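Protein chains in written order, with my numbering: chain W, 1 to 159; chain S, 160 to 666. Note that the Cβ used here is the ideal one computed from N, Cα and C, for glycine as well. Quick caveat: nothing in here was measured; it's all calculated off a predicted structure. The structure appears right after this line, and notes come after that.
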């Protein structure tokens with residue numbers, strides 16, 4: 001077993017130990033796992049099910065129901081683009097097209113070099129100053145295609 | 160005096176407020192991070208305290224900070240970015256801020272600031288009343304559910320109060336997924352104690368000892384602000400085993416959602432708090448009778464709960480005296496999309512859409528004519544210019560086949576493609592459907608196909624008839640509002656913009 005797996009196992013155990021006793025704990029535990037690892041590894045489903053006295057089908061069912069939970073490791077950075085109406089009214093479709101072309105991937109995909117994951121979201125509550133995107137934790141307003149390129153380049157410089 | 164106020168609100172942050180705050184700090188200023196006043200075109204809006212009130216500058220960039228200091232910002236010096244006394248700004252002055260009275264004024268992380276601005280007066284009043292009296296006050300205020308369904312809040316509370324069960328819950332629906340809405344977010348980020356106070360009053364009223372705020376994962380700043388405020392309220396004795404020495408217990412926790420729009424539906428939200436798939440429950444039983452973990456549960460929107468403190472503080476009549484008809488009190492309208500001056504407008508019910516769009520919103524941001532507005536989120540109807548004189552009132556909107564919903568107003572200019580927007584409504588419904596009922600799960604995908612066929616000229620008259628039948632099926636056959644209301648944007652777009660639903664020539 002590699003060290004990465006050990007770290008993953010530890011993160012899963014920590015999430016269970018910390019939140020397993022809460023009422024209706026499954027989603028809380030899944031959040032803790034994804035917060036720690038960036039995704040919910042397939043091997044954790046069995047362990048979480050066992051610890052919370054649920055079937056694997058129940059855990060799998062919850063993981064796959066919610067758009068936020070990921071079952072694959074994301075890129076180094078995650079770019080979320082809002083596709084909802086308020087951002088559409090300010091031109092987000094052009095931004096979506098541009099982002100997909102620029103990165104060469106579709107939504108819910110990661111670039112081949114593992115650098116960037118592209119996600120679509122429906123509303124981040126930033127509806128008066130769209131198009132809105134979030135790069136990892138940080139929210140941005142008025143994102144034109146040109147600004148999108150500048151933000152990504154700036155991020156790369158910073159890394 | 161050397162103190163400036165800079166919003167920490169996420170829209171302000173997205174426009175560079177953190178950099179502005181850092182620049183002032185670097186110059187030796189004490190920076191207080193507040194919520195946003197909701198005048199987003201002026202963000203980042205920097206304020207300084209003067210004898211006459213707070214004086215604003217905006218929109219300020221980090222590069223402007225040195226110039227502002229040179230212009231003697233500490234003494235409200237003149238500068239091209241000067242706005243004047245912020246509370247005299249017409250956008251703000253003409254509003255009737257009851258729920259949002261502390262918005263942008265207080266430090267959302269500070270319990271003492273909340274108390275200094277009249278916080279917890281509502282809870283103090285409630286603690287001198289019986290549960291029945293509190294519920295009666297909320298009923299008498301005329302408050303109706305601000306999440307969109309507009310069900311009388313007091314009636315819901317009464318049902319929970321009347322259940323002879325010891326274990327009850329208060330849940331707050333903060334899964335504000337409607338595009339064009341951010342009122343809940345503003346409260347949670349900018350004045351979270353108001354929501355906490357409202358939930359505590361609800362718990363004391365109906366005899367619930369545990370509350371949950373179900374907040375969207377897309378709102379990380381809200382989650383953080385709520386957690387800080389809950390910890391402070393607990394430390395201050397406003398939450399916990401003995402609320403304000405009353406001997407009554409009320410605990411509060413935040414539950415983080417996971418990106419499913421349908422979890423804004425109340426039974427789906429309860430499933431999600433229980434850690435399950437967010438599939439809609441069949442009603443009855445009502446959540447007020449069998450809700451979270453099968454126990455009687457209040458499910459209210461953030462805005463409804465955040466309106467409770469002022470009702471208890473100032474009395475039912477004070478709140479009820481605002482508004483028109485059966486829509487009492489104020490509504491937080493959120494100006495979004497293609498508008499020059501987007502932001503938050505809290506007004507008594509009865510203000511017209513036209514006043515909101517032009518007097519406040521300043522018309523479209525693009526400078527082109529406003530073609531349509533979608534009111535009430537992705538399941539709300541598209542309202543054409545000919546109906547802009549409709550007053551914001553639950554019944555008046557229902558009469559034109561539209562809804563007020565959660566008060567989000569998304570403006571589109573004349574470049575909007577109404578058939579594409581109608582198709583998007585189906586696409587969104589398909590993506591977000593919980594899958595439990597067939598009309599929503601299958602009908603949404605079929606709806607998008609039918610619009611494609613229609614626009615491609617494939618037997619267009621038959622497609623139109625089919626679309627009409629499909630909408631009727633969704634309307635009447637869906638378990639919840641997601642499938643049941645998706646026809647609203649579709650049918651309103653078809654009704655008001657029929658020319659756009661004709662076969663299109665391929666380019």
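- Here residue 218(S) is buried. Its C-beta has 16 or more other C-beta atoms within 10 Å.
- Under the 8 Å criterion on CB atoms, residue 46(W) is classed as non-interfacial with respect to chain S.
- Residue 163(S) has its alpha-carbon roughly 51 Å from the corresponding atom of residue 594(S).
- DSSP, read as helix, strand or coil, puts residue 533(S) in strand.
- Among the residues facing chain S, residue 129(W) is included, as its CB has a counterpart in that chain under 8 Å away.
- The DSSP-derived three-state label of residue 550(S) is strand.
- Against chain S, the CB of residue 23(W) has a partner CB under 8 Å away; the residue lies at that interface.
- At a C-beta separation below 8 Å, residue 146(W) has no neighbours in chain S, since its nearest C-beta there lies roughly 17 Å away.
- Residue contact check for residue 156(W) against chain S: no CB pair falls below 8 Å.
- Looking only at 337(S), 320(S) and 344(S), the smallest Cα-Cα distance to residue 457(S) is reached by 320(S).
- Per the DSSP secondary-structure output, residue 599(S) pairs with nothing in a beta bridge.
- Residue burial annotation: residue 72(W) is exposed, with fewer than 16 other C-beta atoms found within 10 angstroms of its C-beta.
- Straight-line spacing of the CA atoms in residue 370(S) and residue 412(S) works out to 6 Å.
- Only those residues of the segment 72-95 of chain W whose C-beta falls short of 7 Å from the nearest C-beta of chain S are listed: 84, 85, 86, 89 and 90.
- Within the segment 406-471 of chain S, complete beta strand (DSSP E) segments of at least 3 residues are found at 410-415 and 456-460, given in chain order.
- Exposed is the label assigned to residue 618(S), since fewer than 16 other Cβ atoms lie within 10 Å of its Cβ.
- In this structure the segment 208-222 of chain S does not lie against the segment 290-302 of chain S, because fewer than three pairs of beta carbons, one per stretch, are closer than 8 Å.
- Among the residues facing chain W, residue 172(S) is included, as its CB has a counterpart in that chain under 8 Å away.
- Nearest neighbour of residue 21(W) by Cα position, chosen from 534(S), 433(S) and 475(S), turns out to be 433(S).
- Here residue 504(S) has 254, 492, 494, 515 and 519 as same chain residues with Cβ atoms under 7 Å from its own Cβ, once five neighbours each way along the sequence are excluded.
- Note on geometry: alpha-carbon atoms of residue 363(S) and residue 211(S) lie some 39 Å from one another.
- Using a CB distance below 8 Å, the part of the segment 482-509 of chain S facing chain W consists of 493, 494, 495, 496, 497, 498, 501 and 502, ordered along the chain.
- Pairing residue 443(S) with residue 19(W), the inter-Cα distance amounts to about 32 Å.
- Taking 4 residues as the shortest admissible run, the segment 69-122 of chain W contains the following complete alpha helix (DSSP H) segments, listed from N- to C-terminal end: 85-88 and 92-103.
- Going by DSSP, residue 47(W) is part of the alpha helix (DSSP H) stretching over 42-52.
- The beta carbon of residue 26(W) sits closer than 8 Å to some beta carbon of chain S.
- The segment 298-313 of chain S makes no contact with the segment 436-454 of chain S: fewer than 3 CB pairs, one atom from each, lie closer than 8 Å.
- The Cβ atoms of residue 498(S) and residue 551(S) lie no closer than 8 Å to each other.
- Residue 107(W) has a beta carbon lying at 8 Å or more from every beta carbon in chain S.
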